[in-house]
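*Asks:*
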């Protein structure tokens, strides 16, 4: 990217202390890129760079900085600058920043805000984490039913710079109850004397959420209906805010990351990997590692009960890892598909028997194919001949393979759906969990066939 | 949701054949919900329901239907209806539909389109799959530099219904070369006599992509810069289309799904799980299952080489699954974090040594904690006393645990970054792949300590 070159130039200018030249470059840049320049700079010049920015730009840039840099900046600017910053920011960005900083920083920032701003911020800070209320912004455009298009456009012209998004404007009654919505593009193509009430999408088609809805619900609605923003109402259906699609995109990525983490049995992390300390990383991982290790005790006991027989038949022990891995991998494949399907809504609980029947057929095909390949493999390895004893061992391994794959696929599709049914998170029923369970069952099957065929 | 109730009512009306009443309901509904009503209906009434819709609605609804229903409908409507449908659809939706249908359907649809529409569709169909060109729409608003705000708004009023998104309008020169962009909200708050050229975001801040850029690049830009749409240019920087954020949201979900699948070592699927046949599902899974099974041969040989010693020391074999699983799970946790970090751009190749150093420290902490817990566990199980022979076995297991976890974490963070360096997909270096590799190494470590301490 060309950005890299630019960053290099700015870095050289920083070394030479050419701050006024840097300022001239920064004001020409996109706020996201300015934030990146500041993030890439050495700690001690970050605040200095930030203070070069014009007031109107600085609030936008601030919203794109990482939390630790935001804190450094807030600590190093005057009360006057802080006042301009907090009043210049969109309320939802200010809330985002204040959510995770120390209490003394919150107090100082709020003390520099106007009473009205302070009240709004406090209100949003009180909504539950990850609720629609906590991610909404209160800066939207709303008009009464009888306002004309001309009046609305005039009002927008007067105030639009304060609004985070006017891509959709909303229609409310005198009690602020939400009546409908008008996309901006519809507004500008409508006749000047038409009223907002006459051109709005009304109740039947209006999509909205309430402040306590989960952010995942919001993301699913926006995705399903291709919305640019969604209005947020309180329990009395009064319009209190909007959530814009750029924030929804962040929610979608966040939810996906959380699913990836859960599927690897990690506790969800707050921060980017590189910013997370060694102890936090350890804490996020050790819980499930311990639980799974203790669970493996069970698998160990199955082996202990069969140790004598394993010693008697050379080759049986050597196949244990292969059988366990294949079972685990088979289960992992299907559980991933089901977890993803449940998350995207393409698979529902009521589809369970369809899924199970599909998986049994897939498992038979996979199991047989793997068993045949394994049969060939064991011959090629040359350790086994066509003597009846050797053929029996191969038979045990191949039969165990088929049945292990079938059971693994059945467990892999059942557990996520069962979790959903029990209002648990299906994502926990992914690879590691499935593997631990399937391992034990695979061994039981394996030793069962060994007893049956080898009379072990 | 209230939708469920409504769907129930419509289903009853369908049974009673009350189509005109259904029509009255449908015209009041959101196009996404209408599509859902049609999808939920029995196969034989789907086309009938579709034909109830007014022409202007039907094209929008069509875009939200699944491919198989779209095909059924196209087969059952007249050429005249097909003409209205294809001309009423946005070009990108038409392309989406035509991309995967049989050639005879494509031919019939294109034969009913106007020559201009046909050329546009053909052009977009020729862009590589998953490129910016293949997902863009050509219906956008673009003006010359010297056009005034008033003229632009007038023109938008005249044509806006044909444009998929006018939330941003673009500025081009006489050769259609992209000069800048103006968000619609900026347009309407600007003075009527200002020119587009004077209010646009120009070259320095303009974000655009070229037709051959990957859709993932587009998604990353939109996410990074919070864009509502991004202009697409050809190699001469001529504006040829735009990509809107609702399509980007779909791309993000698609890319995430692909990563989930790859991480479970599944070949990526084209369709939803429930719509994919048993043979396709089997094909998508068997390739990697076979490769991993054959790879496990190596693990088997390590055990074979140690089979005699395993038989001599009771308890050694029983700990194999626990050690293997713990190693696999440890590696899986870190590889998931690294793969996700690489995908979101929060971890880069140059961070490798920072990551490695972090992981070594986390691994030592995790490994020691697990070893201590395992030490306790082996005592509680009661099979081991404090005799020197037993303590030695416990020592072997615990030491192997610590080192297996360290090696697993090192491999888990190294392979995804190595894959990225080699321009392979890091997502392949997830759980199953890491497990197979870590299994073998864990056994080598385990047997190594057994030889050293037990003189086995």
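Protein chains in written order, with the numbering used here: chain Z, 45 to 500; chain C, 45 to 500. Cβ atoms here follow ideal geometry from the backbone N, Cα and C, with glycine treated the same way. Keep in mind that this is a model prediction, so the values were computed, not measured.
Less than 9 Å separating the beta-carbons of residue 266(Z) and residue 289(Z)?
*Replies:* Against a cut-off of 9 Å, the Cβ pair of residue 289(Z) and residue 266(Z) comes out as a contact.
*Asks:* Cβ atoms of residue 154(C) and residue 170(C): under 9 Å apart, would you say?
*Replies:* For residue 170(C) and residue 154(C), no; Cβs fall outside 9 Å.
*Asks:* At which residues does the beta strand (DSSP E) containing residue 273(Z) begin and terminate?
*Replies:* Element bounds for residue 273(Z): 273-277.
*Asks:* Can you give me the C-alpha to C-alpha distance between residue 465(Z) and residue 194(C), rounded to a whole angstrom?
*Replies:* Cα to Cα, the separation comes out at about 57 Å.
*Asks:* Find out if the Cβ-Cβ distance for the pair residue 308(C), residue 84(Z) is shorter than 9 Å.
*Replies:* No, the Cβ-Cβ distance between residue 308(C) and residue 84(Z) is not below 9 Å.
*Asks:* Does the region 476-489 of chain C touch the region 394-406 of chain C, meaning 3 or more C-beta pairs lie closer than 8 Å?
*Replies:* Contact fails: fewer than three Cβ-Cβ distances are below 8 Å.
*Asks:* In terms of residues, what are the limits of the alpha helix (DSSP H) holding residue 11(Z)?
*Replies:* What is shown of chain Z runs 45 to 500, which leaves residue 11(Z) out entirely.
*Asks:* So what's residue 187(Z) in DSSP terms, helix, strand or just coil?
*Replies:* Three-state result, residue 187(Z): strand.
*Asks:* Closer than 8 Å by beta-carbon distance: list the chain Z residues that pair up with residue 410(C), in chain order.
*Replies:* Those within 8 Å of residue 410(C) in chain Z are 326, 329, 330, 333.
*Asks:* Examine the Cβ distances between the region 229-238 of chain C and the region 299-314 of chain C and report whether three or more of them are shorter than 8 Å.
*Replies:* Counting Cβ pairs under 8 Å, fewer than three are found: no touch.
*Asks:* Against residue 197(C), what residues of chain Z qualify as contacts under a CB-to-CB distance less than 7 Å, listed in chain order?
*Replies:* Here the neighbours are 232.
*Asks:* For a cutoff of 9 Å on Cβ pairs, would you count residue 242(Z) as touching chain C?
*Replies:* No, residue 242(Z) does not count as interfacial toward chain C.
*Asks:* For a contact defined as C-beta to C-beta under 7 Å, what are the partners of residue 398(Z) on chain C?
*Replies:* Within 7 Å Cβ-Cβ: 318.
*Asks:* If contact means a Cβ-Cβ distance below 8 Å, which residues of the region 334-365 of chain C contact chain Z?
*Replies:* Answer in chain order: 334, 336, 337, 338, 340, 341, 343, 344, 345, 347, 348, 351, 354, 355, 358, 359, 361, 362, 363, 364, 365.
*Asks:* Are there 16 or more other CB atoms within 10 angstroms of the CB of residue 384(Z), so buried, or fewer, so exposed?
*Replies:* Buried.
*Asks:* Identify whether residue 409(Z) lies in helix, strand or coil by the three-state DSSP scheme.
*Replies:* DSSP places residue 409(Z) in helix when its eight states are reduced to three.
*Asks:* The beta strand (DSSP E) that contains residue 393(C), what's its start and end?
*Replies:* Where residue 393(C) is concerned, there is no enclosing beta strand (DSSP E), given that its DSSP letter is neither H nor E.
*Asks:* Do the CB positions of residue 457(C) and residue 379(C) come within less than 9 Å of each other?
*Replies:* Yes, they are a contact pair.
*Asks:* CB-CB under 7 Å to residue 255(C), same chain, minus the five flanking residues each way: which ones, in chain order?
*Replies:* So the list reads 171, 175, 176, 177, 276, 278, 284, once near-sequence residues are dropped.
*Asks:* State the Cα-Cα distance for the pair residue 119(C) and residue 89(C), rounded to the nearest angstrom.
*Replies:* Their backbone Cα atoms lie some 14 Å apart in a straight line.
*Asks:* Mind listing the chain Z neighbours of residue 300(C)? Cutoff is C-beta to C-beta under 7 Å, in chain order.
*Replies:* The contacting residues are 300.
*Asks:* Going by the DSSP bridge assignment, what does residue 282(Z) pair with across the sheet?
*Replies:* Bridge partners of residue 282(Z): 221(Z).
*Asks:* If we define contact as Cβ-Cβ less than 9 Å, is residue 268(Z) a contact residue for chain C?
*Replies:* Taking Cβ atoms only, chain C reaches closer than 9 Å to residue 268(Z), which makes this a yes.
*Asks:* How long is the line joining the alpha carbons of residue 463(C) and residue 315(C), rounded to whole angstroms?
*Replies:* Distance between the alpha carbons of residue 463(C) and residue 315(C): 27 Å.
*Asks:* Where does the unbroken alpha helix (DSSP H) through residue 317(C) begin, and where does it stop?
*Replies:* Run containing residue 317(C): none; DSSP gives neither H nor E here.
*Asks:* Can you pull the chain Z residues whose beta carbon is under 9 Å from the beta carbon of residue 57(C), in chain order?
*Replies:* Here the premise fails: no neighbours, minimum Cβ distance about 17 Å.
*Asks:* Can you grab the Cα-Cα spacing for the pair residue 45(C) / residue 271(Z), in whole Å?
*Replies:* Note that residue 45(C) scores a pLDDT of 44, beneath 50, so its modelled location is shaky and nothing firm can be said.
*Asks:* Closer than 7 Å by beta-carbon distance: list the chain C residues that pair up with residue 413(Z), in chain order.
*Replies:* Result: 330.
*Asks:* Is it true that the region 386-395 of chain Z meets the region 322-335 of chain C, where meeting means three or more beta-carbon pairs spaced less than 8 Å apart?
*Replies:* Contact between the region 386-395 of chain Z and the region 322-335 of chain C is absent, because fewer than three Cβ pairs lie under 8 Å.
*Asks:* Output the distance between the C-alpha atoms of residue 63(Z) and residue 57(Z), rounded to the nearest integer angstrom.
*Replies:* Those two C-alpha atoms are separated by around 7 Å.
*Asks:* Any residues in the region 170-193 of chain C with a beta carbon nearer than 8 Å to a beta carbon of chain Z? Which ones, in chain order?
*Replies:* If the cut-off is 8 Å between Cβ atoms, the region 170-193 of chain C has nothing near chain Z.
*Asks:* Kindly indicate which three-state DSSP category residue 449(C) falls into: helix, strand or coil?
*Replies:* Note: residue 449(C) maps to helix in three-state DSSP.
*Asks:* So with CB distances below 8 Å, who are the chain Z contacts of residue 249(C)?
*Replies:* What residue 249(C) touches in chain Z: 72, 73, 74.
*Asks:* Can you have a look at residue 347(Z) and say buried or exposed, based on whether 16 or more other CB atoms are within 10 angstroms of its CB?
*Replies:* So residue 347(Z) counts as buried.
*Asks:* Could you please tell me which residues of the region 459-481 of chain Z, in chain order, have their CB closer than 9 Å to any CB of chain C?
*Replies:* For the region 459-481 of chain Z, which is checked against every Cβ of chain C, the residues closer than 9 Å are 474, 475, 476, 479, 480.
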